[in-house]
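Colleague:
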Amino acid sequence: MYKSKRTHVAILIIVVLAVLLGVGNYIKTNYTVRTVYVEGNIHYTEDEIKRMVMDGILGDNSLYLSFKYKNKDVKGIPFVDVLNVDILSADTIKITVYEKSLTGYVKYLDTYVYFDRDGYVVENSNIKTVGIPQVTGLEFDHIIVGEPIPVEDKEVFQKILDITKLLNKYNLISDKIYFNKSGEITVFFENVKVALGGDRATLEDKLMLLPKLLQELSGKKGTLQMQTYDEDSGKYTFQPEKSG
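Counting from 1 along the sequence shown, just add 286 to a position and that's the residue number in the working numbering.
Structure below.
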């Protein structure tokens, strides 16, 4: 009787193992990732995101990746806040990257220090990101990730946010934004500097005109003086850069 019971238990274990093995083999065969779509990435290429997500022993299994990265907050990956993996079909996944909100960056100790709309330091990195402007003219003596950049004029970050929003609105890509001690703003576009002055009320009116003005100034070097409008000539003044 005891021997018969042991036999039944052994058979049951073998059956369970066979079922588990069969299920495991089915999942491995049918849920191996062959196609990957990546969206939301700016700082990293698609291949870099794939390598970050699809690592480890089960890094090519869609079920495992979907479970592991279900709106997951990530640590240790600069600029990335959340990663999410959706299964589109058994062998196809979509990786959605939610990057940290960045408004601009400053150079500090040979690194790029990225900050958000409120001036809080998001990342300190050697990676320079296209599309995020460098901000110069700010005075500070230290930088701590997670804390605001210690500048005297706290309103400067709202000004930076206003400018970057308007630049995006009018499809303008600036290399650099400069603030002088009086709060006047100069925006750099390759070989053309645009002096906007310090009046925030007229900022959008000026930036609205810039796409056309920059097109007219293509190939030229100098400063477009937009602090004041010349009523007599009906235009802003462009000061060419002196050669030599």
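Heads up, the beta-carbon is just placed ideally off N, CA and C, and yes, glycines get one too.
With DSSP as the reference, please indicate the residues paired to E425 in a beta bridge.
Modeller: Looking at the DSSP assignment, E425 forms no beta bridge with any residue, so it has no partner.
Colleague: Can you name the start and end residues of the beta strand (DSSP E) that K455 belongs to?
Modeller: That residue, K455, is in no beta strand (DSSP E); its alpha helix (DSSP H) goes 442–455.
Colleague: When we look at the beta-carbon of H329 and count the other beta-carbons within 10 Å, is it buried (16 or more) or exposed?
Modeller: Classification of H329: buried, given that the 10 Å Cβ count is 16 or more.
Colleague: Which word fits L369, buried or exposed, when buried means at least 16 other C-beta atoms lie within 10 angstroms of its C-beta?
Modeller: It is buried - the Cβ of L369 has at least 16 other Cβ atoms within 10 Å.
Colleague: Touching or not, the region 336–355 and the region 399–419, by the rule of three or more beta carbon pairs under 8 Å?
Modeller: The region 336–355 vs the region 399–419: no contact.
Colleague: Evaluate V431 with the Cβ neighbour count: other Cβ atoms within 10 Å of its Cβ, from every protein chain shown; 16 or more gives buried, anything less gives exposed.
Modeller: Exposed, since its Cβ has fewer than 16 Cβ neighbours within 10 Å.
Colleague: Can you list, in chain order, the residues of its chain with a C-beta nearer than 7 Å to that of S387? Leave out the 5 residues immediately preceding and following it.
Modeller: Once the five neighbours on either side are set aside, the close Cβ partners of S387 are D402, R403.
Colleague: I need the straight-line Cα distance from V399 to K479, nearest angstrom please.
Modeller: Each residue's Cα considered, the two are about 23 Å apart.
Colleague: For K455, tell me which candidate among A481, L395, L489, F465 has the shortest Cα-Cα distance.
Modeller: For K455, the nearest C-alpha among the options comes from L489.
Colleague: With burial defined as no fewer than 16 other Cβ atoms inside 10 Å of the residue's Cβ, what is the status of P526: buried or exposed?
Modeller: Exposed: under 16 other Cβ atoms inside 10 Å.
Colleague: State the CB to CB distance for the pair I449 and I471, rounded to an integer number of angstroms; the pair is presumed to be in contact (CB under 8 Å).
Modeller: About 7 Å separates the two Cβ atoms, so the contact holds.
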